[in-house]
Amino acid sequence: MADTKKVDMKKMAEEAKKATESVKVAATKAASSVKAGAEKAKKATEAAATETKKQAENVATEVKKEAEKQAEAVVTETKKASETVKKTAKKATTRKTSKKKPEMTKSAVLQFGGEDFKVDEIIANAQAAFKAENKRKAISDIKVYIKPEERAAYYVVTSGESEYAGRIDL
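Encoded structure:
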């Protein structure tokens, strides 16, 4: 029986050895398979990265084109607005400006007894006569009455609430 145990042990050792070798072979195949799968995954990842990069470049190109279109539209609108402003400014500067009518000059001359008396001078002399007597009073109204037959002018000056009367010779 002891021999039988030896034989069985040898058989078992051989079977264990075969099993170990078959495990080694299976492990090698599995490792190769895993390695091949990893290579495939790496290639797929690289391909996906390349595809993603291409898509990103395409998107960037499209965005750039759109931005250029919008910038061009802004430039066009700005040019149009600038032209409108120039036209408006040109119209504003080329419009006929209303010319001021020259002020009419007024003068009155009183002729009596072969002599000429200028009414403006008579009024100015009446004002001067009032100012000579009343230096600090302001004239708000003056009325001059000319009597050529007396060769005199009478004036009434309103200053504030007071009235002053006087006479000047012509």
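First residue of the sequence shown: 32, per my numbering; consecutive thereafter. Ideal Cβ placement from N, Cα and C applies to all residues, glycine included.
Alpha carbon to alpha carbon, how far is residue j from residue i? Give it in angstroms, no decimals.
i      : j      : result
Val106 : Ala112 : 10 Å
Lys110 : Lys117 : 10 Å
Ala50  : Ala75  : 36 Å
Ala159 : Gln142 : 23 Å
Asp39  : Lys71  : 46 Å
Arg182 : Lys132 : 38 Å
Ala67  : Glu77  : 15 Å
Val90  : Glu108 : 27 Å
Lys41  : Ala47  : 10 Å
Ala102 : Val94  : 12 Å
Return the bridge partner residues of residue i from the DSSP annotation.
i      : result
Ser193 : Ser190
Phe143 : Glu146
Asp172 : Thr189
Ile154 : Paired residue(s): none; Ile154 is not in a bridge.
Ala58  : Paired residues: none, contrary to the question.
Asp200 : Ala183
Lys178 : Ala183
Report all residues from its chain with a CB closer than 8 Å to the CB of residue i; omit the five preceding and five following residues, and keep chain order.
i      : result
Ala155 : none
Val140 : Asp147, Phe148, Lys149, Val150
Val65  : none
Less than 8 Å between the C-beta atoms of residue i and residue j, yes or no?
i      : j      : result
Tyr186 : Asn165 : no
Tyr176 : Ala163 : no
Gly197 : Phe161 : yes
Ile173 : Val188 : yes
Report all residues from its chain with a CB closer than 7 Å to the CB of residue i; omit the five preceding and five following residues, and keep chain order.
i      : result
Ile170 : Gln158, Phe161, Val188, Ser190
Ala57  : none
Tell me, please, whether the CB atom of residue i is closer than 8 Å to any CB atom in chain D?
i      : result
Glu146 : Looking for chain D here will not work: only one protein chain is present.
Who are the Cβ neighbours of residue i in its own chain at under 6 Å, not counting the five residues just before and after it?
i      : result
Gly145 : none
Val168 : First, the residue type needs correcting, since residue 168 is Lys and not Val in the sequence shown. Once the five neighbours on either side are set aside, the close Cβ partners of Lys168 are Ser190.
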